[in-house]
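Numbering (my numbering), first residue to last: 520 to 1065.
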Amino acid sequence: MSLSETLGTVLLNAMKERGADRIFGLPGDFVLPFFRTIAESGILPLHTLSHEPSVGYAADAAGRIGSSLGVAVVTYGAGALNMVNAVAQAYAEKSPLVVISGGPGADEGKLGLSLHHQVKTLSSQFEIFRELTCAQCILNDLETAPIEIARVLDTALSLSRPVYIEIPRDLVDQPCASAPAIALPAANHDAARACAKEVLDRLRSAKSPAILVGVEARRYGLEDKIASLCRKLGVPVATSFMGRGLFADFTLPLLGPYLGSAGDTNIASAIEGADCLLMLGVITCDTNFGVSGRAIDMRASIRALDRTVVLGHHLYPDVSLEALVDALLEIAETIGVPEPQPEPVYATGLPDDETPLEPSHIAIAVNDLFNSKGSSPIAADVGDSLFIGLEIADTALVAPGYYASMGMGVPAGLAINAVTGRRPIVLVGDGAFQMTGWELGNCQKYGWSPIVIVLNNQSWEMLRGFQPNQTYHDLDDWHFADIAPLLGGRGIRVETCAELKRALDLAVDDESSFYLIEAMLPRSRTSMSLHKFTRAMRNLSAMKNE
Ligand SMILES: Cc1ncc(Cc2csc(CCOP(=O)(O)OP(=O)(O)O)c2C)c(N)n1
Ligand SMILES: [Mg+2]
520 MSLSETLGTV LLNAMKERGA DRIFGLPGDF VLPFFRTIAE SGILPLHTLS HEPSVGYAAD
580 AAGRIGSSLG VAVVTYGAGA LNMVNAVAQA YAEKSPLVVI SGGPGADEGK LGLSLHHQVK
640 TLSSQFEIFR ELTCAQCILN DLETAPIEIA RVLDTALSLS RPVYIEIPRD LVDQPCASAP
700 AIALPAANHD AARACAKEVL DRLRSAKSPA ILVGVEARRY GLEDKIASLC RKLGVPVATS
760 FMGRGLFADF TLPLLGPYLG SAGDTNIASA IEGADCLLML GVITCDTNFG VSGRAIDMRA
820 SIRALDRTVV LGHHLYPDVS LEALVDALLE IAETIGVPEP QPEPVYATGL PDDETPLEPS
880 HIAIAVNDLF NSKGSSPIAA DVGDSLFIGL EIADTALVAP GYYASMGMGV PAGLAINAVT
940 GRRPIVLVGD GAFQMTGWEL GNCQKYGWSP IVIVLNNQSW EMLRGFQPNQ TYHDLDDWHF
1000 ADIAPLLGGR GIRVETCAEL KRALDLAVDD ESSFYLIEAM LPRSRTSMSL HKFTRAMRNL
1060 SAMKNE
């Protein structure tokens, strides 16, 4: 047994073998030995950011955009607990984020003193992360460490959820055997084939079947297989709100994103009116279904999520989405001949004049840019940014569309830039930018150059839509564009359509640094998509209170 490796390099190599391609982190004394191993081994590149929530958001986004493991490395206590919300978001949105925290050495707990960064007991942090992850371990036994590393990392991959690994600082440099190779649970092909037959029978006997595809299609890298399945079946397909941006590079009878009564009525009637709805990797949550005009009959639906398929009262446990799709591809036949779908229409033609900016001008300007200079990946934060992203033509997109924590936009944009090498466009409100926008100061050391559009309406406008007439939604004007040069980038403040167009053209042609385009927008105005969403939510709650 080769012991040329140490516990630290065994962990790094095991993550690399399972698809991780970089680390986001912020050090502290409990994790300095592991940081040194990361830096000196060169096994995975390291990007440090300035606040642990951003580390979590960026590592999560790196996993999403690369359909692989995202990795966040932080110190014990103050670091790891600072990242709890970002890990919760990764869990809720099925992102395979590996959380690695440095931890106290074996003898440190025996001093009879509470340690700095300790909250209640030395295992409190482990217990907190047990609630936010699908597998956990503390690497305090060098004999079992290789197996534990493989178990936890393989669980992250098979369930596409975050995992937690604590590495005691006194063991990082200790000799350790390599971790076993990746071993994902074997697919139960017999069960998958039986399930596929029942699924196909139900689709075949339905009068108006439809398919809804969600985030698991991206998390498990199944867009290509699902696109060919949908082409074979010839059944109308939509993506969930969370699944926005799926199939941007694939052809299939795609209606577009299903947003209930907040979106396209044809899509809503195809999905809500289906007498057999096949849901592939769709998280059944309120943002995906909360604004359904007609409640979708989940009993008449077929749900494949979290390695389980539910058809009415029938349940197929341990059938992964990939196994089901593979089994369906073996027997699929044309069931429907979907109406030729008009290409989804995304508004273009921004007026090149002094028209004052409105929220929906942002999407028009980006669509025009995509038409003239090619598309870019997008990172969108929460607030109207999330809804403006729906009005932009299909492209790879990272956005917290379900758990909906603010602050992910800029860190996700940095991660997209790092992983893909492409300049993303980041859509972020002024409120969300106040939280994590300052991470742009880290661009210069890594050569990142995102184009960040800050929607400055001096307001927590989305909340004002839910609860008007409160001044606590008012924010001051922070003049973000003026700050950009101090962070190493270029800032342009724009108030009219012509100014926005010129700023975007300038930014796209200059890759030397990040660009912060501060779009001044009026308060109490939102994009049409957000307006329809808040109106639908208000109508639905009014109906429930009747
Ligand atoms: C970490 C966290 N804390 C609070 C909230 C609650 C919230 C949801 S939307 C919103 C206002 C966003 O303001 P912003 O200026 O960014 O965008 P816009 O509405 O378009 O003006 C808040 C405070 C969430 N979701 N996450
Ligand atoms: Mg705002």
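Here a beta-carbon is modelled for each residue, glycine too, at the ideal position from N, C-alpha and C.
Can you list the residues near ligand 2, meaning Cβ strictly closer than 5 Å to any non-hydrogen atom, in the order they appear in the chain?
Gly948, Asp949, Gly950, Asn976, Ser978, Glu980
Going by the C-beta, is Gly575 closer than 7 Å to any heavy atom of ligand 1?
no
By the 10 Å Cβ neighbour count, where 16 or more other Cβ atoms means buried, how is Asn988 classified, buried or exposed?
exposed
What is the C-beta distance between Gly928 and Val945, in whole angstroms, given that I count them as a contact (C-beta under 8 Å)?
5 Å
Excluding five sequence neighbours on each side, which residues of the same chain lie with their C-beta closer than 6 Å to the C-beta of Tyr835?
Ala710, Cys714, Val828
Residue burial classification, Thr758 (beta-carbon count within 10 angstroms, cutoff 16):
buried
Does any heavy atom of ligand 1 sit closer than 7 Å to the C-beta of Gly926?
yes
Pro552 bridges to which residues according to DSSP?
Partner(s): none; Pro552 has no beta bridge.
Spatial neighbours of Gly538 within its chain, please: C-beta separation below 7 Å, excluding the five flanking residues on both sides.
Ser587, Leu588
Need the endpoints of the beta strand (DSSP E) that Leu799 sits in, please.
795 to 799
Going by other Cβ atoms of all chains shown within 10 Å of its Cβ, with 16 needed for buried, is Phe549 buried or exposed?
buried
Between which two residues does the alpha helix (DSSP H) carrying Ala1026 extend?
1016 to 1028
On a CA-only basis, which of Gly544, Cys656, Gly800 is nearest Ser614? Give me that one, please.
Gly800
Can you tell me the Cβ-Cβ gap for Phe999 and Leu1035, rounded? I've got them flagged as a contact below 8 Å.
6 Å
So is Leu843 buried or exposed if we call it buried at 16+ other beta carbons inside 10 Å?
buried
Using the three-state DSSP reduction, which class does Ser978 fall into: helix, strand or coil?
strand
Just to check my reading of the structure: Thr567 and Leu551 have Cβ atoms closer than 8 Å, yes? What is that Cβ distance to the nearest angstrom?
Between Leu551 and Thr567 the Cβ distance is about 13 Å, and since that is not below 8 Å, they are no contact.
If I'm right that Thr914 touches Ile584 with Cβ under 8 Å, what's the distance once you round it to whole angstroms?
Not really, about 12 Å apart at Cβ, beyond 8 Å.
Report the CB separation of Ala597 from Gly575 in whole angstroms; it is logged as a contact under 8 Å.
With a Cβ gap of about 14 Å, Ala597 and Gly575 do not count as contacting.
Relative to ligand 1, is the shortest distance from any of its heavy atoms to the C-beta of Ser1043 smaller than 7 Å?
no
Below 7 Å, is the gap between the Cβ of Ala923 and the nearest heavy atom of ligand 1?
yes
Out of curiosity, what's the CA-to-CA distance linking Leu676 and Thr1015?
46 Å
May I ask which residues mark the beginning and end of the alpha helix (DSSP H) holding Gln986?
Run containing Gln986: none; DSSP gives neither H nor E here.
Report buried or exposed for Thr806, applying the criterion of at least 16 other Cβ atoms within 10 angstroms of its Cβ.
buried
Could you have a look at Asp626 and say whether DSSP puts it in helix, strand or coil?
coil
Counting only runs of 3+ residues fully inside the segment 652 to 701, write out the beta strand (DSSP E) ranges in chain order.
655 to 657, 682 to 687
Just how far apart, CA to CA, sit Leu748 and Ala787?
22 Å
Indicate whether the contact test is met: 3 or more Cβ pairs, each with one atom in the segment 896 to 903 and one in the segment 945 to 965, closer than 8 Å.
yes
Is Leu752 closer than 8 Å to Thr722 when the C-beta atoms are compared?
It should be pointed out that residue 722 corresponds to Leu in this sequence rather than to Thr. Yes, the pair counts as a contact, with Cβ atoms nearer than the cut-off.
Here's the rule I'm using: 16 or more other beta-carbon atoms within 10 Å means buried, otherwise exposed. How should Lys1063 be labelled?
exposed
Look at Trp967 and Leu933 and say whether their C-beta atoms are less than 8 Å apart.
yes
Backbone CA spacing between Arg822 and Asp816 [nearest angstrom]:
12 Å
To the nearest angstrom, report how far apart Gly622 and Leu600 are at their CA atoms.
13 Å
Please tell me whether Cys653 and Arg680 are closer than 8 Å, where the distance is taken between their beta carbons.
yes
Beta-carbon contacts of Thr770 that lie in its chain and below 8 Å, excluding the five residues immediately before and after:
Ala746, Arg750
Classify Met520: buried if its beta carbon has 16 or more other beta carbons within 10 angstroms, exposed otherwise.
Note on Met520: pLDDT 48, under 50, position unreliable in the model; no value is reported.
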